[in-house]
Each structure stands twice: as C-alpha cells, then as structure tokens.
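Here my numbering is used: the first residue of the sequence shown is 9, the next is one more, and so on. Take a look at the structure below.
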Amino acid sequence: MKAILMTGVGGPEVLRYADVADPEIPSPHHVLVRLHAAGVNPIDTKIRATHSYYPERLPAILGCDGAGVVEAVGSSVTRFRPGDEVYFFNSGLGYEPGAYAQYTVVPEYYCALKPRHLSMQEAAAAPLVLVTAWEALIKRAQLKPQETILVHGGAGGVGHVAVQLAKHLGAFVATTVSSETKAEFVRGLGADHVIRYPEEDFVEAALKWTDGRGVKVVLDTVGGATFCRSFSATRVYGQVVTLLSAACEPSAINTARMRNLTVGYVQVIAPIYLGLHSARLAQTRILEEGARLMEEGRLRVHVGRVLPLAEAAEAHRLIASGGTMGKIVLAIP
C-alpha cells in the first residue's frame with residue numbers, strides 16, 4: 009500500500025511517500041479500514057518535529073484522524089462488518105500505524121459509524137477537533153446555557169467546532185480572529201461577538217462585552233501570552249481551559265488566584281498514550297454523539313484545504329504557517 013513514512017525527526021522533509029506492506033489484523037477485536045481520507049492536526053507536526061512519545065520507533069506512520077470503509081474484521085468483532093463506513097480517533101503517535109496510509113487497523117471500540125451525509129474528507133477532519141472541543145466545554149468547563157465564553161482562534165480547527173458546540177449548549181460566544189474573512193466565517197457559525205485581535209485588545213474587548221465582569225469560560229487554543237492574559241478577561245470564579253502549556257509571570261498567576269479561577273488542561277491524545285481504555289471509550293461515545301449532531305445539521309466541520317496523500321509534507325508546512333480556516337485533509341488514493 010501507499011503510505012507516508014516519517015523517516016526521522018525534523019522538518020516536513022522527513023515525510024516520505026512510500027510503498028509499505030498492508031497491515032494485518034492483529035487481534036480478534038480489530039477492523040481493517042480502507043482509508044479514503046486522513047485529517048492533519050498540529051499534534052502531527054509536533055510529533056514529527058520531536059518524536060517525543062516513541063523516539064525508538066522509526067519509520068512511523070502518523071495521523072490519528074481517519075475515515076474509510078471497513079474491509080475486514082477480526083473474529084470477535086461485533087460492532088462493524090465489511091462495507092461499513094466509519095471514522096475514528098486512534099493511534100498516530102508513532103507506535104502503531106496511523107491514518108496517513110491506504111489501510112490501517114483500529115480496535116473496534118474506537119471506531120464510530122461515519123455521519124451519513126458527510127463526505128469522507130469531512131468525516132476525517134472531525135474526530136480530534138470534535139473530541140477536544142467536547143472535552144473542553146462539556147467535561148472541563150461544564151458550560152451552561154446563558155453563560156459567556158471566549159474562544160481563542162475561533163476560525164481554527166478546534167475553535168470553529170467549539171464555537172458551534174458552545175452555541176448548541178446555549179451559551180453566548182465571543183471569539184478572536186485575525187482577519188475580516190475569518191470574522192465573517194465565525195459569524196456564520198453563530199458567534200455572538202467577534203474580536204479582531206490584531207486591532208483590539210482581547211481583554212478589554214471581553215470586559216466591555218460583559219459589562220466589566222469578564223467571561224465565565226475561556227477556551228485557549230493559542231497558549232503563551234494569550235493563555236496568561238486570559239486570566240484578566242475571566243470573571244471571578246470563572247474557568248480557563250487550555251489545550252497547551254505555558255509558564256506565566258507571577259502577576260498573571262496572582263490575577264488567577266485573586267479571581268479564584270479554575271484552570272483546566274485538555275490533551276485528548278493522553279488516553280491513547282497511557283492506554284486508558286475507559287477514557288478512550290468515552291471519546292468514541294463523543295464521536296457517536298457528534299455524528300448525531302452533524303446528521304441533524306447542528307454541527308459541521310469545515311475543510312479548508314484538501315491535498316493528496318503524497319503532499320503530506322506540504323500539509324504540515326501549511327499547518328505551521330497558520331491562516332487556514334477549519335481543517336486540512338489528505339485525500340487518499
């Protein structure tokens with residue numbers, strides 16, 4: 009089969025289009041999936057640049073998001089049969105083969121039926137961003153109707169799903185974007201207030217929007233100074249949920265303490281790396297519930313760019329450069 013091999017640690021040039029052996033079903037509970045598309049995520053570029061999870065395993069096939077058709081099933085599989093269209097969040101850390109390939113194998117527990125009306129490319133774009141936004145807003149922040157939330161990077165992969173999910177939950181949503189094109193995009197997703205961060209200070213804008221109180225929840229998809237300054241935009245007893253890690257100055261930490269803020273972290277690949285089966289089953293349930301919302305038209309995933317599998321390196325360059333709205337997807341021949 010054709011696959012993208014990560015042949016070393018470094019820049020996008022370490023990704024090579026190659027012929028490799030088809031995978032074999034490794035257990036009675038695995039399914040063999042003929043992939044039609046794979047999602048590309050920032051975590052893929054970080055693994056490529058550092059290979060910090062499994063540095064001894066090279067070459068590796070990256071990609072935790074995929075969509076395709078079940079080709080064969082293990083002897084004990086009960087959830088799927090050949091011909092089923094599925095999407096999944098699995099592997100991609102460099103230990104087991106990921107989704108940058110024509111075929112992959114996935115435990116049946118971590119697959120879900122593809123939303124019926126979505127294309128394979130749209131379905132492959134969904135899993136990581138859906139699970140991340142869901143865990144951030146529902147599990148960590150426990151966002152409620154009528155509460156206010158500020159989503160940083162609302163036109164990005166996780167951000168554009170979070171904006172829609174927050175509206176589905178009945179919240180009032182503000183979001184930061186870098187351009188008028190992205191502003192129009194997030195308004196179309198339901199954002200109530202758009203902050204053009206190159207032109208206005210997001211802390212001042214959030215405080216003005218909330219009559220000085222600050223938002224109840226901040227979802228930080230940016231990290232760094234944005235995470236640290238978000239404490240000042242959050243109301244007393246509010247919550248800041250971040251997807252990244254950052255060291256803040258003592259003054260920012262003191263702001264969080266004096267506001268009695270709760271800070272939560274979301275790293276959805278942790279259950280894969282740590283082998284937490286129950287947590288991974290919960291993520292599969294998110295895929296199933298998300299499929300229902302997408303089929304009902306309450307949630308959509310925007311595919312901003314589609315590239316052929318052979319151009320995975322270019323997809324990584326585009327991720328690093330920023331500016332893409334929604335997700336980048338690899339079409340698999």
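Ideal Cβ placement from N, Cα and C applies to all residues, glycine included. None of the values given here were measured: they were computed from a predicted structure.
*asked:* With a threshold of 7 Å on Cβ separation, who are the neighbours of residue 88 within its own chain once the five nearest residues in sequence on each side are excluded?
replied: For the purposes of this step, residue 88 is identified with residue 80 of the sequence shown, where counting begins at 1. Hits under 7 Å: 39, 78, 81, 94, 116 and 119.
_Rounding to the nearest angstrom, what Cα-Cα distance links residue 214 and residue 114 in this structure?_
Locating residue 214 in the sequence shown gives position 206, where the first residue counts as 1. Locating residue 114 in the sequence shown gives position 106, where the first residue counts as 1. Each residue's alpha carbon lies about 43 Å from the other.
_Just to confirm, is the Cβ distance from residue 276 to residue 139 under 8 Å?_
As a working mapping, residue 276 is identified with position 268 in the sequence shown. As a working mapping, residue 139 is identified with position 131 in the sequence shown. Their beta carbons are under 8 Å apart, which means residue 276 touches residue 139 by this criterion.
*asked:* Quick check on residue 265: buried or exposed, where buried means 16 or more other Cβ atoms within 10 Å of its Cβ?
replied: By one-based count along the sequence shown, residue 265 stands at place 257. With fewer than 16 other beta carbons inside 10 angstroms of its own, residue 265 counts as exposed.
*asked:* Given this structure, state the Cα-to-Cα distance separating residue 210 from residue 60, to the nearest angstrom.
replied: Translated into the one-based positions of the sequence shown, residue 210 becomes position 202. Translated into the one-based positions of the sequence shown, residue 60 becomes position 52. Spanning the two alpha carbons is a distance of roughly 34 Å.
*Leaving out five residues on either side along the sequence, give the residues of the same chain with a beta carbon under 7 Å from the beta carbon of residue 50.*
Position 42 of the sequence shown, counted from the start, is the residue given in the question as residue 50. Contacts found: 327.
*asked:* Which of the three DSSP states is assigned to residue 9 in this structure?
replied: Here residue 9 refers to the residue found at position 1 of the sequence shown. Reduced to three states, the DSSP call for residue 9 is coil.
*Just grab the DSSP bridge partners of residue 315 for me.*
Position 307 of the sequence shown holds residue 315. The partner list for residue 315 (beta bridge, DSSP) reads 338.
*Let me know the alpha helix (DSSP H) ranges lying completely inside the region 258-328, each 4 residues or longer, listed in chain order.*
The qualifying runs are 258-266, 278-282 and 285-303.
*Would a C-beta distance cut-off of 8 Å place residue 338 and residue 321 closer than the cut-off?*
Counting from 1 along the sequence shown, the entry for residue 338 is found at position 330. Counting from 1 along the sequence shown, the entry for residue 321 is found at position 313. The answer is no: Cβ separation not under 8 Å.
*Continuous alpha helix (DSSP H) stretch holding residue 157: start and end*: The sequence position of residue 157 within the sequence shown is 149, counting from 1. No alpha helix (DSSP H) holds residue 157; the beta strand (DSSP E) holding it covers 156-159.
_Where residue 115 falls: helix, strand or coil (DSSP)_ = The sequence position of residue 115 within the sequence shown is 107, counting from 1. Strand, per DSSP.
*Residues that DSSP places opposite residue 201 in a beta bridge*: Here residue 201 refers to the residue found at position 193 when the sequence shown is read from its first residue. Its beta-bridge partners are 182.
*When the distance is taken between beta carbons, is residue 295 closer than 8 Å to residue 172?*
For the purposes of this step, residue 172 is identified with residue 164 of the sequence shown, where counting begins at 1. For the purposes of this step, residue 295 is identified with residue 287 of the sequence shown, where counting begins at 1. Not a contact, by the Cβ cut-off of 8 Å.
*Candidates 65, 37 and 325, of which the one nearest residue 86 by Cα*: Your numbering for residue 86 matches position 78 in the sequence shown. Closest by alpha carbon: 37.
*Tell whether a beta-carbon distance below 8 Å holds between residue 25 and residue 62.*
In the sequence shown, residue 25 corresponds to position 17, counting from 1. In the sequence shown, residue 62 corresponds to position 54, counting from 1. Against a cut-off of 8 Å, the Cβ pair of residue 62 and residue 25 comes out as no contact.
*Below 7 Å CB to CB, which residues in the same chain sit around residue 143 once its five sequence neighbours on both sides are set aside?*
For the purposes of this step, residue 143 is identified with residue 135 of the sequence shown, where counting begins at 1. Contacts found: 274 and 276.
_Residue closest to residue 31, alpha-carbon to alpha-carbon, out of 10, 196, 216 and 221_ = Here residue 31 refers to the residue found at position 23 of the sequence shown. Nearest C-alpha to residue 31: 10.
*Bridge partner(s) assigned by DSSP for residue 14*: Residue 14 sits at position 6 when you count from the first residue of the sequence shown. Paired residue(s): 23 and 68.
*Apply the 10 Å Cβ neighbour rule to residue 342 and answer buried if 16 or more other Cβ atoms are within range, or exposed otherwise.*
Since the displayed the chain opens at 9 and closes at 341, residue 342 lies outside it and no answer follows.
_Same chain only: Cβ atoms within 6 Å of residue 272, ignoring 5 sequence neighbours per side_ = If you number the sequence shown from 1, residue 272 lands on position 264. Excluding residues within five positions, the ones whose Cβ falls inside 6 Å are 148 and 249.
_If distances are taken between C-alpha atoms only, which option among 150, 17, 136 and 216 comes closest to residue 169?_
The residue you call residue 169 lines up with position 161 of the sequence shown. When each option's Cα is compared against that of residue 169, the closest is 136.
_Bridge partner(s) assigned by DSSP for residue 165_ = Counted from its first residue, the sequence shown places residue 165 at position 157. For residue 165, which the question treats as bridged, DSSP gives no partner whatsoever.
*Distance cut-off 7 Å: residue 160 Cβ against heavy atoms of the ligand SAH*: The ligand SAH is not part of the structure shown, which contains no ligands of any sort.
*Going by DSSP, which residues form a beta bridge with residue 140?*
As a first step, residue 140 must be located in the sequence shown, where it is residue number 132. Note: residue 140 sits in no beta bridge, so no partner.
*How big is the Cα-Cα spacing for residue 247 and residue 263?*
For the purposes of this step, residue 247 is identified with residue 239 of the sequence shown, where counting begins at 1. For the purposes of this step, residue 263 is identified with residue 255 of the sequence shown, where counting begins at 1. About 13 Å.
*How many Å lie between residue 74 and residue 219 at the Cα?*
Along the sequence shown, one-based indexing puts residue 74 at 66. Along the sequence shown, one-based indexing puts residue 219 at 211. Each residue's alpha carbon lies about 43 Å from the other.
*Where the alpha helix (DSSP H) through residue 224 begins and ends*: In the sequence shown, residue 224 corresponds to position 216, counting from 1. Element bounds for residue 224: not the alpha helix (DSSP H) but the beta strand (DSSP E), 223-228.
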